[in-house]
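Here the UniProt record's numbering is used: the first residue of the sequence shown is 1, the next is one more, and so on. So the structure is just underneath, and the comments pick up after that.
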Amino acid sequence: MKDSAQRILELRNELDAHNYRYYVLDEPSVPDAEYDRLFRELQALEAEHPELVTPDSPTQRVGGEALSAFGEVRHEVPMLSLGNAFEEDDLRAFDRSVQNGLGVQGGDLFGGGAEVEYSCEPKLDGLAVSLLYRDGKLVRGATRGDGTTGEDISVNVRTIRNVPLKLQGSGWPDVLEVRGEVYMSRAGFERLNAAQAEIGGKTFANPRNAAAGSLRQLDSKITASRPLEFCCYGLGQHSAEPAPTQVGMLQRLKSWGIPISPELKLAKGVEDCLAYYRDIGERRMGLPYDIDGVVFKVNNIEDQQQLGFRARTPHWAIAHKFPAMEELTELLDVEFQVGRTGAVTPVARLKPVKVAGVTVSNATLHNMDEVARLGVMIGDTVIIRRAGDVIPQVMQVVTERRPENARPVAVPEQCPVCGSAVERTQLIKRSKGRETVSEGAVYRCVGRLACAAQLKQAIIHFVSRRAMDIEGLGEKSVEQLVDEGLVGSPADLYTLEFDQVVGLEGFAEVSSNKLLKAIADSKRPSLARFIYALGIPDVGEETAKVLARSLGSLERVTQALPEVLTYLPDIGLEVAHEIHSFFEDAHNQTVIRHLLERGLELQDQGELAAEFAASTTLGGLLDKLNIPFVAATGAKNLAERFKTLEAVITADWLDLSAMKGLNEKAKQSVREFFANADNANRARAIETQLRDFGMHWESEKKVVEGLPLAGQTWVLTGSLEVMSRDVAKDKLESLGAKVAGSVSAKTTCVVAGPGAGSKLAKATELNIPVLDEQAFIARLGDYGIAAE
Ligand code: IVH
Numbered sequence: 001m002k003d004s005a006q007r008i009l010e011l012r013n014e015l016d017a018h019n020y021r022y023y024v025l026d027e028p029s030v031p032d033a034e035y036d037r038l039f040r041e042l043q044a045l046e047a048e049h050p051e052l053v054t055p056d057s058p059t060q061r062v063g064g065e066a067l068s069a070f071g072e073v074r075h076e077v078p079m080l081s082l083g084n085a086f087e088e089d090d091l092r093a094f095d096r097s098v099q100n101g102l103g104v105q106g107g108d109l110f111g112g113g114a115e116v117e118y119s120c121e122p123k124l125d126g127l128a129v130s131l132l133y134r135d136g137k138l139v140r141g142a143t144r145g146d147g148t149t150g151e152d153i154s155v156n157v158r159t160i161r162n163v164p165l166k167l168q169g170s171g172w173p174d175v176l177e178v179r180g181e182v183y184m185s186r187a188g189f190e191r192l193n194a195a196q197a198e199i200g201g202k203t204f205a206n207p208r209n210a211a212a213g214s215l216r217q218l219d220s221k222i223t224a225s226r227p228l229e230f231c232c233y234g235l236g237q238h239s240a241e242p243a244p245t246q247v248g249m250l251q252r253l254k255s256w257g258i259p260i261s262p263e264l265k266l267a268k269g270v271e272d273c274l275a276y277y278r279d280i281g282e283r284r285m286g287l288p289y290d291i292d293g294v295v296f297k298v299n300n301i302e303d304q305q306q307l308g309f310r311a312r313t314p315h316w317a318i319a320h321k322f323p324a325m326e327e328l329t330e331l332l333d334v335e336f337q338v339g340r341t342g343a344v345t346p347v348a349r350l351k352p353v354k355v356a357g358v359t360v361s362n363a364t365l366h367n368m369d370e371v372a373r374l375g376v377m378i379g380d381t382v383i384i385r386r387a388g389d390v391i392p393q394v395m396q397v398v399t400e401r402r403p404e405n406a407r408p409v410a411v412p413e414q415c416p417v418c419g420s421a422v423e424r425t426q427l428i429k430r431s432k433g434r435e436t437v438s439e440g441a442v443y444r445c446v447g448r449l450a451c452a453a454q455l456k457q458a459i460i461h462f463v464s465r466r467a468m469d470i471e472g473l474g475e476k477s478v479e480q481l482v483d484e485g486l487v488g489s490p491a492d493l494y495t496l497e498f499d500q501v502v503g504l505e506g507f508a509e510v511s512s513n514k515l516l517k518a519i520a521d522s523k524r525p526s527l528a529r530f531i532y533a534l535g536i537p538d539v540g541e542e543t544a545k546v547l548a549r550s551l552g553s554l555e556r557v558t559q560a561l562p563e564v565l566t567y568l569p570d571i572g573l574e575v576a577h578e579i580h581s582f583f584e585d586a587h588n589q590t591v592i593r594h595l596l597e598r599g600l601e602l603q604d605q606g607e608l609a610a611e612f613a614a615s616t617t618l619g620g621l622l623d624k625l626n627i628p629f630v631a632a633t634g635a636k637n638l639a640e641r642f643k644t645l646e647a648v649i650t651a652d653w654l655d656l657s658a659m660k661g662l663n664e665k666a667k668q669s670v671r672e673f674f675a676n677a678d679n680a681n682r683a684r685a686i687e688t689q690l691r692d693f694g695m696h697w698e699s700e701k702k703v704v705e706g707l708p709l710a711g712q713t714w715v716l717t718g719s720l721e722v723m724s725r726d727v728a729k730d731k732l733e734s735l736g737a738k739v740a741g742s743v744s745a746k747t748t749c750v751v752a753g754p755g756a757g758s759k760l761a762k763a764t765e766l767n768i769p770v771l772d773e774q775a776f777i778a779r780l781g782d783y784g785i786a787a788e
């Protein structure tokens with residue numbers, strides 16, 4: 001007895017603290033599931049000892065207190081909450097109580113009988129809001145508060161994009177209070193957190209907290225900048241009944257422009273409800289927003305009125321909950337994994353815990369900046385969240401529960417796989433004519449392909465469909481090839497022999513021959529595919545295409561100086577440095593040499609792109625040198641005055657001081673910059689390279705001729721037989737065309753294979769030229785490009 005009384009006090013204190021953090025600070029320190037467990041424990045103890053129940057117990061209250069900073073709103077019709085069902089049996093019991101309440105006959109011997117109709121809606125995980133419309137105009141918005149009194153957030157709700165300020169159509173009641181959930185999509189939440197982390201602002205533990213924190217902002221400009229959405233599920237006060245049923249009512253509201261859930265369904269009987277629960281449950285992780293259950297409501301509004309309310313929950317509705325997406329567990333250790341580009345990333349090893357129906361024992365920690373942001377230590381109790389298809393994440397640390405022997409997370413000095421040094425990456429940024437180097441969040445093993453972890457990943461990437469497209473080599477086989485020492489670099493794939501392959505697990509004679517043929521068939525990749533296949537950090541397919549198209553040859557790509565690379569579209573200084581240092585690396589050079597020696601012939605190599613040639617000017621070059629205090633216009637003026645780089649380098653003080661369009665400080669800086677021989681030589685090297693690549697300053701004035709299909713937009717549709725659509729797309733892009741997914745008046749030409757449907761029809765309708773595959777191949781031939 002004494003123990004129970006003691007525990008009740010403890011639970012109340014803890015729940016009060018959680019309530020305060022949840023409702024007032026929008027910053028809960030434990031997940032809902034944990035809160036619910038404590039709450040239920042208290043409820044059970046109070047049920048056993050009714051004499052210990054006090055009016056101020058958290059079980060006797062609904063929710064939060066109104067934040068004093070906002071005005072108060074009294075809810076004419078109280079904003080209630082819902083009873084919960086966790087098991088199917090709970091729902092069946094609810095259905096029976098509804099049937100009893102309505103006095104409907106139970107089922108007869110033949111399984112027929114009265115089945116109650118229910119509206120089925122997802123239970124969005126956001127916060128309840130009331131919107132009051134008078135004469136079709138939004139006049140007030142309020143939070144739920146304690147159910148009787150909420151906060152006036154009229155200004156803030158007006159910033160939510162899908163909340164209509166005026167109702168559409170006609171027939172709405174003069175007074176119409178709609179109620180629903182304000183929530184944030186997962187994508188919106190991720191974007192917001194990323195942006196907040198970038199500026200060192202407050203990040204949120206989940207979309208629900210983010211929605212609450214965004215809505216209850218005293219500065220409505222902040223609310224307006226947040227990706228909030230509204231979804232209506234019911235009514236408060238209303239001067240007329242819009243429809244006799246819940247589903248009919250929501251559909252009517254929809255016709256007035258009020259957003260409702262696209263998942264709204266009508267169920268006949270409890271079995272239909274359970275089917276809805278299972279269906280949404282299966283699709284839950286694929287929905288763009290968090291839901292924590294589904295809600296069933298008696299569909300007929302008169303029946304709802306007949307059933308009435310318990311203290312704070314209706315008899316006619318129930319929430320059927322899903323397993324929680326967030327749980328508490330212990331961080332047992334942090335291990336470091338080595339990825340394809342050598343990035344050494346921290347991975348949380350957790351005490352296994354069930355999250356939304358799946359046992360989780362690992363979670364991503366992203367990088368060391370994230371570890372620092374979370375302030376996480378080994379031994380901590382952490383909140384794990386599993387949402388969508390993403391890997392479970394560590395969202396928050398429950399610092400109150402940190403044990404005394406908690407240890408900090410330290411990056412290993414040596415790679416856990418190969419023992420090479422682990423270095424912190426650097427970020428190179430340029431602003432106001434200055435290049436600054438700062439520490440990056442990523443640590444990297446410097447072992448490159450000498451590191452087995454990187455080698456395996458590099459080969460898996462190299463053979464992948466969008467890279468060299470070698471079929472038949474799965475991850476397990478790659479691991480075996482590396483572990484058995486048969487392959488030490490991607491180039492070694494091309495020396496593999498039948499006897500070696502047939503010895504591998506899962507390879508018989510036929511499959512071995514098939515693999516060797518696939519390897520041999522991969523020997524003529526386009527330059528772009530080859531660059532992509534190399535797996536240069538930060539170089540995805542698009543960047544690989546830009547490099548191939550602009551520079552036209554592997555030789556130029558491997559030699560390009562970082563400054564020269566930054567002339568290319570969408571290549572910034574950081575990526576430029578990655579590319580340059582990749583090709584500077586002796587090991588990588590050897591691999592590329594071996595690949596070429598072993599018979600790789602790169603296709604689609606050609607001239608330097610004319611756009612690129614035309615983009616190089618002396619002013620642009622001077623700008624790229626980052627001479628302190630010399631911005632783009634200053635660089636241009638220098639170029640105009642001196643005409644050649646050599647003249648700028650050797651300009652004497654008299655020439656410079658006589659010059660217009662550059663301030664004193666900048667002139668001084670130019671002199672000092674070129675007085676340093678390293679700077680002067682670097683500038684000369686860049687200019688020499690640009691010339692070697694076939695560019696000259698005069699080209700500035702040349703008309704941009706571009707690639708033969710530059711400025712054109714092509715669409716591929718139907719199935720192609722000779723080449724895949726990916727290959728066709730590559731070829732078109734190498735000729736400068738854009739390849740789009742849909743036909744519009746801007747489309748230049750459509751390539752249509754068998755099975756083409758609406759796109760072909762649209763092209764015909766718009767009078768856009770259509771080629772079949774043969775004609776397309778012939779056209780490629782005109783530009784000197786083979787179909788193979
Ligand atoms: S009906 C009298 N329908 O869940 C009925 N609530 O625990 C009151 N919620 O505060 C609510 N989706 O914020 C209802 N389709 C839905 C809902 C929903 C989410 C929230 C709502 C309410 C809480 C009830």
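Glycine included, C-beta positions come from ideal geometry on N, C-alpha and C.
Bridge-paired residues (DSSP) for residue i
| i | result |
| --- | --- |
| Tyr233 | Note: Tyr233 sits in no beta bridge, so no partner. |
| Met377 | Pro408 |
| Asn84 | Ala319 |
| Leu350 | Leu331 |
| Asn362 | Arg349 |
| residue 802 | The first residue shown for the chain is 1 and the last is 788, placing residue 802 beyond what the model contains. |
| Ala752 | Thr717 |
| Lys643 | The partner list for Lys643 (beta bridge, DSSP) is empty, contrary to what the question assumes. |
| Ile384 | Glu327 and Val394 |
| Cys445 | Val422 |
| Gln454 | Gln454 pairs with nothing; no bridge assigned. |
Which of helix, strand or coil DSSP assigns to residue i
| i | result |
| --- | --- |
| Lys660 | coil |
| Tyr783 | coil |
| Gly64 | With a pLDDT of 48 at Gly64, under the threshold of 50, the predicted position of this residue should be treated as unreliable, though the coordinate-derived value follows. Residue state, collapsed to three classes: coil. |
| Ile8 | helix |
| Ile571 | coil |
| Met249 | helix |
| Cys337 | Correcting the residue type first, residue 337 is Gln in the shown sequence and not Cys. Residue state, collapsed to three classes: strand. |
| Tyr289 | coil |
| Ile470 | coil |
| Asn156 | helix |
| Gly488 | coil |
| Phe94 | helix |
| Phe629 | coil |
| Phe693 | coil |
| Lys746 | coil |
| Gln304 | helix |
| Ala740 | strand |
Residue range of the beta strand (DSSP E) that includes residue i
| i | result |
| --- | --- |
| Arg144 | Careful: Arg144 lies outside any beta strand (DSSP E) and carries neither H nor E. |
| Pro122 | Glu117 to Leu124 |
| Arg134 | Leu127 to Arg134 |
| Glu177 | Val175 to Met184 |
| Ala267 | Lys265 to Lys268 |
Residue range of the unbroken alpha helix (DSSP H) whose run includes residue i
| i | result |
| --- | --- |
| Leu481 | Glu475 to Asp483 |
| Arg593 | Ala586 to Glu597 |
| Leu618 | Leu618 to Lys624 |
| Glu72 | Glu72 -> not in any alpha helix (DSSP H); beta strand (DSSP E) instead, spanning Glu72 to Arg74. |
Rounded distance between the beta-carbons of residue j and residue i, thought under 8 Å
| i | j | result |
| --- | --- | --- |
| Val344 | Cys415 | 7 Å |
| Leu554 | Leu534 | About 10 Å; that fails the 8 Å criterion. |
| Val489 | His594 | First, the residue type needs correcting, since residue 489 is Ser and not Val in the sequence shown. Their Cβ separation, rounded to whole angstroms, is 7 Å, which keeps Ser489 and His594 in contact under 8 Å. |
| Pro403 | Ile258 | 50 Å between Cβ atoms; not a contact. |
| Val546 | Ile579 | With a Cβ gap of about 11 Å, Val546 and Ile579 do not count as contacting. |
Closer than 7 Å: residue i CB and nearest ligand 2 heavy atom
| i | result |
| --- | --- |
| Gly248 | Of the ligands one can find in the structure shown, namely ligand 1, none is ligand 2. |
Proximity test, Cβ basis, 8 Å: residue i and chain D
| i | result |
| --- | --- |
| Ala317 | No chain D is part of this structure, which consists of one protein chain only. |
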